[in-house]
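A.B. asks: Each residue of the sequence shown is one higher than the one before, counting from 836 in our numbering. Every residue gets a Cβ at the ideal spot worked out from N, C-alpha and C, and that includes glycine.
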Amino acid sequence: MHEAYKETPILTIKLQIESMAAYDDILLIGTREGHVLMYNVSSTLDDTHKLELLRRNKNLNKKRITQIGVVPEYNLLILLTDGIVCIHDLNSLNFQLICQLPKTKGATLFTLDVQRTESLTGKKNVVVRLCVAVKRKLQLYYWKSRKFEEFKDFELTVPDIPREISWCGETLILGFRGLSYTILDLTGKAKELFPTGKLPEPSVTKLSDNSIVLGKDSQSFVMDTKGELIQHNPIKWSDTPSAIAWDDPYLLGIVNDKLEVYTLEGCLHIQTIKDINKARLIHRCKQGKVFVASICNVWCVKAVDVTQQIRTLLEQNQFKLALKLTSLSDVTEEEKAKETYKIQTLYAHHLFYNKKFKEAMDLFLELGTDPYEVIRLFPDLVTPATSSHELSDSAPNLPKLQDHDLEKGLSELILYLVYVRHRLIGDTNTKDKDNSKERNIMESEKKLTAAATEQLLKIIDTTLLKCYLQTTDALVAPLLRLNHCHLAEAEKTLLMHQKYPELIILYNTKGQHRKALELLEKHAKENDSSLKGTERTIQYLQHLGKDHMDLILKFASWVLEEDPEQGLRIFMEDIQEVENLPRPKVLDYLLRCHKDLVITYLEHVVRVWEDTNPLFHNVLIHQYKEKCLASMNENATPAEKEMSQHIRQKLQQFLEKSAYYTPETILIHFPFDCLFEERAIILGRLGRHQQVISIYINLLNDVPRAIQYCNNVYMKCHNENKADKQKQSDEADDVYVMLINQLLKPDNEGALMAGCTTEIQRTAQPDPEMALQLLEEHASKINPLKALEILPDTVPIGRIKRFLEVTLQNNLNTRRRTQVLKGLLYAEHLQVQEQRMHYESQSVLMTEFNICPVCKKRFGNQSAFARYPNGDIVHYSCQDHNEEYRRWGVPDSECVINRADDVIGDILYSYACTGKYTEIQYSFSREQI
């Protein structure tokens, strides 16, 4: 409790006070003797009151003034006396009567509804409505043109004579003696509420246009105009109040010669004023000023200074009431906002001290409080190294949180920090808070510089890390993947909790890759470590990228030594960062440090990634070659020899299929005493067919391979582009001639040219039968003149009969095809000439009477025009103005002709039905032109 009001007796009169009304500092009293008194009650600096009688009318009426109403905007004084409602002029000397409402004869009660509005232009508008209870009838009036007009054909009937009535918005609240309360809308629809209680007199107090207070015995219930309870807890008076007034935020009631003060929110008993004997009337004058009257005395109950009340309330931890009083104070908006922020901050801390963590964090969010100030409420989480804030020695003693309370507090702190963090990094998808909170947070964020924002994010993320380690371990890794944590503090915390995988994530996000890799290497060989093995290191190195190539090569060494097969994934996984690594640098590293892995790496580069760089193709061939040569050693094991056969097969296939190695470079490094098949493939790629055939015949004695080689060369020459057709044809014909010549006259010239030493050379025996067999089988592919030149004179003519017949037939076929083609071309030429003559035979006659079908105008002497396949002649500029002509397409410049005075004839090119532009002769007579 605190002192909210002070009462001061201001008036004692010999007359009996029957009714009372007030506005601003004006007090109106109606007496039982029929007098109306008007006083001005002003306050002085020493909290006393100065009373001044403004008007007094003794002869207004001989009957008692039952009820008084006042509308100062229209200077209306409304009196209920002698059972009739009278309207008087408030400003006239003797309260001059304006009019009476004759239909209100027998009235027992009235209520006023004054609606004050202001337009966008600043014009104020006041609407006055009046409801008069005449026995069981309710009459409705509205003020217009200096008089009250009755609602036409509108009268409400109620079940009994109302003893209390209040107009709230578009509804009437009625209280009946000994019965119940009723809500009645203007359509006549009624809703009955609860009974008035043991005591028969009802109590209705209007709070706003949509809320009221209804009494039941010693309790008062706050309800809306729909009959629903606004708050479930009623106000409990010490006894049944005889009169109640609402002075926001307090409800004042006269109870047994005492004035009790309560709040609506929380239903707190604030104060009891005892020195008001036999008081029975109460009326609010303005905010913080209430008049209380007995039969002969009047007291002014004035609110204590708001600042003093707020100070007292804060000492009592009544923050909500302090906030309410702050909003009602008459200080400037800026001062009001500062005071409100201060009180709300104290309230939030109070909630936290009482372990109401959710409410406290929600209020901190609404206020936009500095997150570091919130974090300081948890001393164990404070990280001085991450902030420029200094801890205050004068900070209040914080509650010691343990077990369940600590877990609950940390959970709410996490939600708070996550929300603030999202706002700071621009996450606009957070919608679980109301607009006022978002607005306050955004306004506080605008005051932060970029550096301050980064610093604040660092504090928040470091604190979140500590919270997660104490509550939810699973959220540590997601936080660290996108974090702003303070490196040293986060590193210390993770080491303390032995969270090594999470520490790796921290190092990665902070760019401390060397530290991460050193930690991985250290724990890889520890049996009880979660980082045991090479997998985590491999994954880490795979995602570093080409900018950290030196680091990758340094830490890849121990992985490749520990597990070469898996370690090679560092350089050949199908990951973007791995594919973008500088492959020549990787190849150089493998050649220097891990030569056994070069072939596997190059096969992946060439076959999977399809790299066309000749370097990789050349090196892969050299690696295959060295493997083959190493296995040919006398000391090689059977397994090595078997592997050599597999490698040699891969080498031959690669030499045949790859189109990107450089055969000139490869050939230089190949041995001369072995690997003849491979040398033959390389020589074939260079087009040195004589040497290839010599190796197959003389060194390998493999005639079928030689024949297959000739077939491949011939097919390749005929399937390739015919840009150099004659050269390719000669090359294809000569390869068979070379083979036949080698079979007829074996020599070592080709082998010597291929670089083979004399020690390994041998001369094959002539094989004329195989030569003649080839001549017959491939007769169509061999040049007959060159073949006849190399054949010995001893060969019988019958042996080459088949060859000669095929050759002669091919020549005859070629000649016939040439003659037929010549005839076809000549026939086509005649058709074109005939078509040209047909189109040239057409003519167009133009006169001054010709009219363009599009624009309906004649063709002038300087007109340009075009003729379409349907025979229409149009201006050149008109061809796009008609959909039908547009379908033919836009004629090009050849479709245009110009008329000139000295021109007799000209040529018109028109788009004919065949789709071609052809010449059409057209002429004019001199008279026409």
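1. May I ask you to report which of helix, strand or coil DSSP gives Glu-1408?
2. Within the stretch 1373-1436, note down every full alpha helix (DSSP H) run reaching 4 residues or more, in order along the chain.
3. Leu-1116 and Val-1127 - do their beta-carbons sit closer together than 8 Å?
4. Compute the distance between the beta-carbons of Met-855 and Ile-919, then report whether it is under 8 Å.
5. Would you call Gln-1526 buried or exposed, if buried means 16 or more other Cβ atoms sit within 10 Å of its Cβ?
6. By Cβ distance, which residues of its chain are closer than 8 Å to Cys-1509, with the 5 residues on each side in sequence left out?
7. Verify whether the separation of the beta carbon atoms of Leu-1163 and Asp-1083 is less than 8 Å.
8. Which residues in the same chain as Lys-1345 place their Cβ atom closer than 7 Å to its Cβ, once the five residues preceding and following it in sequence are excluded?
9. Could you have a look at Thr-1298 and say whether DSSP puts it in helix, strand or coil?
10. For a test of the three-state rule: what should DSSP assign to Val-1125, helix, strand or coil?
11. Nearest-angstrom Cα distance between Tyr-1744 and Arg-1702?
12. At the level of alpha carbons, what is the spacing between Met-1605 and Leu-1578?
13. Closer than 7 Å by C-beta to Phe-1700: which residues in its own chain qualify, once you throw out the five before and the five after it? Chain order, please.
14. Restricting to runs no shorter than 3 residues, where is the beta strand (DSSP E) found entirely within the stretch 939-980?
15. If you draw a straight line from the C-alpha of Ala-1515 to the C-alpha of Glu-1353, how long is it?
16. Looking at C-alpha atoms only, which residue of Ile-861, Glu-838, Lys-1691 and Ile-1617 is the closest neighbour of Gln-1144?
17. What residues in its chain sit with their C-beta under 6 Å from that of Asn-1685, if we drop five residues either side in the sequence?
18. Residues bridged to Phe-983 by DSSP?
19. Would you say the stretch 1493-1510 touches the stretch 1474-1482, given that touching needs at least three Cβ pairs under 8 Å?
20. Here's the rule I'm using: 16 or more other beta-carbon atoms within 10 Å means buried, otherwise exposed. How should Arg-1651 be labelled?
21. Go ahead and label Thr-1031 buried or exposed: buried means 16 or more other beta carbons lie within 10 angstroms of its beta carbon, across all protein chains shown.
22. Please state whether DSSP places Met-836 in a helix, a strand or coil.
23. Pull up the distance between the alpha-carbon of Tyr-840 and that of Ala-1287, whole angstroms please.
24. Let's test the definition: count the other Cβ atoms within 10 Å of the Cβ of Val-1667 and tell me whether it reaches 16, buried, or not, exposed.
25. For the candidate residues Ser-1365, Gly-1261, Gln-1347 and Asn-1362, whose alpha-carbon lies nearest to that of Leu-1376?
26. Report the three-state DSSP secondary structure of Phe-1187 (helix, strand or coil).
27. Rounded to whole angstroms, what is the Cα-Cα separation between Tyr-1459 and Leu-1310?
28. Apart from the five residues just before and just after Asp-1267, which ones in its own chain have a Cβ nearer than 6 Å to its Cβ?
29. Quickly, what does DSSP pair Ser-1046 with across the bridge? List them, please.
30. Going by alpha carbons, who is nearest to Asp-881 out of Val-1139, Leu-1416 and Leu-1202?
31. Would you kindly check if the distance between the Cβ of Lys-1026 and the Cβ of Gln-1054 is under 8 Å?
32. Which residues share a DSSP beta bridge with Trp-1081?
33. Closest to Asn-1183 by C-alpha separation, out of Glu-1170, Gln-1153, Glu-1168 and Thr-1161, would be which residue?
34. In whole angstroms, what is the alpha-carbon distance linking Leu-1403 and Ile-1532?
35. State the start and end residues of the unbroken alpha helix (DSSP H) segment that holds Cys-1690.
36. Hey, how far is the Cα of Val-967 from the Cα of Leu-1252?
C.D. replies: According to the structure shown:
1. Taken through DSSP and simplified to helix, strand or coil, Glu-1408 comes out as coil.
2. Listed in chain order, the alpha helix (DSSP H) runs fully inside the stretch 1373-1436 are 1384-1397, 1399-1402, 1404-1407, 1411-1414 and 1418-1428, counting runs of at least 4 residues.
3. Between Val-1127 and Leu-1116, the C-beta gap is smaller than 8 Å, which places the two residues in contact.
4. In this structure, Met-855 lies away from Ile-919, with their beta-carbon atoms at least 8 Å apart.
5. With 16 or more other Cβ atoms within 10 Å, it is buried.
6. Sequence-distant Cβ neighbours of Cys-1509 in its own chain, meaning closer than 8 Å and more than five residues away, are Leu-1464 and Met-1467.
7. Yes, these two residues count as a Cβ contact at 8 Å.
8. For Lys-1345, where only same-chain residues beyond five positions count, the Cβ hits under 7 Å are Leu-1322.
9. In this structure, Thr-1298 counts as helix in the three-state DSSP scheme.
10. Three-state result, Val-1125: strand.
11. In this prediction, Tyr-1744 has a pLDDT of 35, which is less than 50 and means its spatial position is unreliable; what the coordinates show is noted afterwards. Computed Cα separation, rounded: 8 Å.
12. Those two C-alpha atoms are separated by around 7 Å.
13. For Phe-1700, where only same-chain residues beyond five positions count, the Cβ hits under 7 Å are Phe-1694, Ile-1708, Val-1709, His-1710, Tyr-1711 and Ile-1732.
14. With a minimum length of 3 residues, the unbroken runs of beta strand (DSSP E) contained wholly in the stretch 939-980 fall at 942-953, 959-969 and 972-979.
15. Here the alpha carbons of Glu-1353 and Ala-1515 stand approximately 52 Å from one another.
16. When each option's Cα is compared against that of Gln-1144, the closest is Glu-838.
17. Closer than 6 Å at Cβ, skipping near neighbours: Phe-1694.
18. Answer by DSSP bridge pairing, in chain order: Trp-978.
19. No, the stretch 1493-1510 is not in contact with the stretch 1474-1482.
20. That one is exposed.
21. It counts as buried.
22. Three-state DSSP puts Met-836 in coil, outside helix and strand.
23. Taking the straight line joining both Cα atoms gives about 48 Å.
24. Of the residues assessed, Val-1667 falls on the exposed side of the cut-off, its CB having fewer than 16 other CB atoms within 10 angstroms.
25. Considering only alpha carbons, the answer is Gln-1347.
26. In the structure shown, the three-state DSSP call for Phe-1187 is helix.
27. In a straight line, the C-alpha of Tyr-1459 is about 51 Å away from that of Leu-1310.
28. Here Asp-1267 scores only 45 on pLDDT, less than 50, and its place in the model should not be relied on; the value that follows carries that caveat. Same-chain partners within the cutoff: there are none.
29. Among the bridge pairs identified by DSSP, Ser-1046 is matched with Ser-1043 and Asp-1059.
30. The option with the nearest alpha carbon to Asp-881 is Val-1139.
31. It is not a contact, given that the beta carbons lie outside the stated cut-off.
32. In DSSP, Trp-1081 forms a bridge with Leu-1086.
33. Looking at the sequence shown, residue 1183 is not Asn but Ala. Of Glu-1170, Gln-1153, Glu-1168 and Thr-1161, the residue nearest in Cα terms is Gln-1153.
34. Their Cα atoms are separated by approximately 44 Å.
35. Counting along the chain, Cys-1690 falls outside any alpha helix (DSSP H), and DSSP gives it neither H nor E.
36. The alpha-carbon atoms of Val-967 and Leu-1252 are separated by roughly 59 Å.
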